[in-house]
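In our numbering, the protein residues as written are -12 to 664.
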């Protein structure tokens, strides 16, 4: 071993069993020096005549958790992973993988070349590469069908979901379950018992199972996988294992892996993987910032948002006091929470006693005074500055010192809300997305005077309740809704010029969004934010609202809806658009799909550049995280700012200039440098 190679793999002997131990904290990733260490130590064990069997296990909290993603795209170093695996599989002595924690991706592929596998009951085994737009590229798609069969292999590779050890044993992926605290000794005993059986190379085992499952998986996941390449590539490789000799199957897998590895989708998915982790970091915050203790949460408003927000905390065992003004609204809100939990319990997500526990720590009340002992109070009433300031003024007198006062506003000025209190350092925004118990995004809005520990605590509690939290600065709409605004404006302008709602929506859905601007408007409610005066008709939207076309809830919005909420194009909406067009003297013309992209998606990138330049988002990748987790931007396009690099910032600027937009200086800068964000 060369001097600069870290010693991350060692060997010790227990009689006639060699134990090779990987120790590469924190997750024993397959870094180049681990591959080198495996090669060297296996060679040593195999050349030692006193060794009759080999155990491979890992130090620390987990087995090999996967590849070292930080090495992706860098010049190769150390031995080739496939070569290392092939030599382990070809070992002349039985090799046993001893698994604890997680054996994922390259970790499971390492376990698969071992001749036998023993695992603790708490272990999890899987191939999650598909979630990074990849496939197991070191024989995983060829060896799994030989160990667990085609059905399980196809499901594991295409969904990426890990298996608990007991299920893995049932499928034959694990041969033996060890004691939770005696893996090292149990693995040695198991290896010794296998000396008589000798090696069992996985590649020599036959593929078994029903190939029909591959088409069934495609049908069952058609909606979920729409636009994605990786699930289909994984399935193609498993299918190849059923008809090609092992080495040809490996070559096919390699070819598919390289195609994905150097494609834009995997680059986008890997970008989001790192972006999500980066988003948790707060610029300019001392590392030793002490968090405030959040033992009890108050929520003001028991409507859709307030109820959904409360559920996040209840599910983590954090008591919630929920406040409403009227008993009827309070009862309705609590009833909806229970109904949601009961529905989840019926699907097996919760046990009935868990539902009772969660409901047992919910305290409904009509008095704000009951929030006096809460550590975090989240206001979730409707978007009206006067109402919010009135509530915060009252909270200032009621809340205990050090309590964090958060507004769930989606666009109002958090600094102005803070002026209603004598403690602006405790005030910030916590913008949950609807439905708040489902959507993963949380925009944490940092006010001008928000205390660093209040901000850090809000981010940490967001993570604790399963959200992906992103810091945003104070501006109209923060990050997500601010970027949504130019898209919505241009979508309406396109209707005036000749596009139909269905055409605009189709372009967005084909791009990979779950729905287009007009479908979204109908779902949320066309009347949201409407001035409520049916005689004041200044826009197409006003006209729709004046006629009661408020969206799906009224079976009419930009579309007509049947009893099952299935949309169809509306003759009445076409008439209204024509009336406005005539009134404005606008000439109807042919609008291309490309123009819709240029005028609805490119302006979002432009707005994102302004947000970045103004410091309202910490980094471009934070904007991407907001759009992936809050608005359904397709993960395989990596978020609007990452996508701008794929699309070409110079191309975006040229199109925006052609359509008469004012270009953000930062975007212009990127375009001149022909670079992404």
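All C-beta atoms in this analysis are idealised placements derived from N, C-alpha and C, irrespective of residue type, glycine included.
Among the options, the one whose alpha carbon lies nearest that of residue i
{"i": "residue 145", "options": "112, 212, 91", "result": "212"}
{"i": "residue 318", "options": "454, 289, 606, 197", "result": "289"}
{"i": "residue 544", "options": "534, 551, 550", "result": "534"}
{"i": "residue 28", "options": "16, 101, 7, 13", "result": "7"}
{"i": "residue 312", "options": "434, 320, 550", "result": "320"}
{"i": "residue 647", "options": "616, 477, 564", "result": "477"}
{"i": "residue 47", "options": "79, 11, 37", "result": "11"}
{"i": "residue 417", "options": "486, 309, 443", "result": "443"}
{"i": "residue 562", "options": "630, 233, 487", "result": "487"}
{"i": "residue 203", "options": "219, 642, 297, 191", "result": "219"}
{"i": "residue 332", "options": "601, 550, 302", "result": "302"}
{"i": "residue 360", "options": "384, 345, 338", "result": "384"}
{"i": "residue 1", "options": "475, 9, 38", "result": "38"}
{"i": "residue 574", "options": "481, 389, 519", "result": "481"}
{"i": "residue 70", "options": "97, 656, 62", "result": "97"}
{"i": "residue 183", "options": "92, 427, 641, 81", "result": "81"}
Three-way DSSP call (helix, strand, coil) for residue i in this model
{"i": "residue 231", "result": "coil"}
{"i": "residue 9", "result": "strand"}
{"i": "residue 578", "result": "coil"}
{"i": "residue 331", "result": "helix"}
{"i": "residue 287", "result": "strand"}
{"i": "residue 526", "result": "coil"}
{"i": "residue 66", "result": "coil"}
{"i": "residue 351", "result": "strand"}
{"i": "residue 363", "result": "strand"}
{"i": "residue 321", "result": "helix"}
{"i": "residue -10", "result": "Model confidence at residue -10 stands at a pLDDT of 49, short of 50, so the residue's coordinates are unreliable and nothing is read from them."}
{"i": "residue 672", "result": "This structure cannot settle anything about residue 672, because the visible part of the chain is limited to -12 through 664."}
{"i": "residue 622", "result": "helix"}
{"i": "residue 132", "result": "helix"}
{"i": "residue 604", "result": "strand"}
{"i": "residue 299", "result": "helix"}
{"i": "residue 270", "result": "coil"}
{"i": "residue 467", "result": "helix"}
DSSP beta-bridge partners of residue i
{"i": "residue 433", "result": "460"}
{"i": "residue 0", "result": "5"}
{"i": "residue 111", "result": "89, 151"}
{"i": "residue 84", "result": "43, 104"}
{"i": "residue 169", "result": "Residue 169 is not bridged to any residue."}
{"i": "residue 538", "result": "543"}
{"i": "residue 392", "result": "364, 414"}
{"i": "residue 163", "result": "105"}
{"i": "residue 428", "result": "455"}
Enclosing alpha helix (DSSP H) for residue i [first to last residue]
{"i": "residue 308", "result": "No alpha helix (DSSP H) contains residue 308, which is instead part of the beta strand (DSSP E) from 307 to 310."}
{"i": "residue 144", "result": "137 to 146"}
{"i": "residue 643", "result": "636 to 645"}
{"i": "residue 34", "result": "19 to 34"}
{"i": "residue 608", "result": "607 to 618"}
{"i": "residue 197", "result": "From DSSP, residue 197 is part of no alpha helix (DSSP H); its letter is neither H nor E."}
{"i": "residue 260", "result": "251 to 266"}
Cβ shell of residue i (< 7 Å), same chain only, five flanking positions each side left out
{"i": "residue 597", "result": "651"}
{"i": "residue 189", "result": "76, 99, 100, 130, 133, 134"}
{"i": "residue 236", "result": "129, 227, 228"}
{"i": "residue 485", "result": "575, 576, 577, 578"}
{"i": "residue 278", "result": "440, 443, 444, 447"}
{"i": "residue 631", "result": "592, 639, 663, 664"}
Residue i - containing beta strand (DSSP E), residue span
{"i": "residue 45", "result": "40 to 45"}
{"i": "residue 417", "result": "414 to 419"}
{"i": "residue 547", "result": "546 to 548"}
{"i": "residue 382", "result": "Counting along the chain, residue 382 falls outside any beta strand (DSSP E), though it belongs to the alpha helix (DSSP H) covering 372 to 385."}
{"i": "residue 58", "result": "Run containing residue 58: none; DSSP gives neither H nor E here."}
{"i": "residue 555", "result": "554 to 556"}
Neighbourhood of residue i by C-beta distance below 8 Å, restricted to the same chain and skipping five residues each side
{"i": "residue 120", "result": "215, 216, 217, 247, 250, 252, 253, 254, 255, 256, 257, 623"}
{"i": "residue 667", "result": "Absent from the model: residue 667. The displayed extent of the chain is -12 to 664, so no value can be given."}
{"i": "residue 376", "result": "403, 404, 406, 407"}
{"i": "residue -10", "result": "Note on residue -10: pLDDT 49, under 50, position unreliable in the model; no value is reported."}
{"i": "residue 465", "result": "397, 398, 416, 418, 430, 432, 459, 603"}
{"i": "residue -12", "result": "Bear in mind that the predicted position of residue -12 carries a pLDDT of just 43, short of 50, making it unreliable; the figure below should be weighed with that in mind. Correct list, in chain order: -6, 23, 24, 27."}
Nonlocal neighbours in the same chain, by C-beta distance under 6 Å from residue i, ignoring five residues either side
{"i": "residue 531", "result": "513"}
{"i": "residue 67", "result": "none"}
{"i": "residue 393", "result": "365, 415, 417"}
{"i": "residue 266", "result": "457, 609, 612"}
{"i": "residue 627", "result": "591, 592, 595, 614"}
{"i": "residue 552", "result": "539"}
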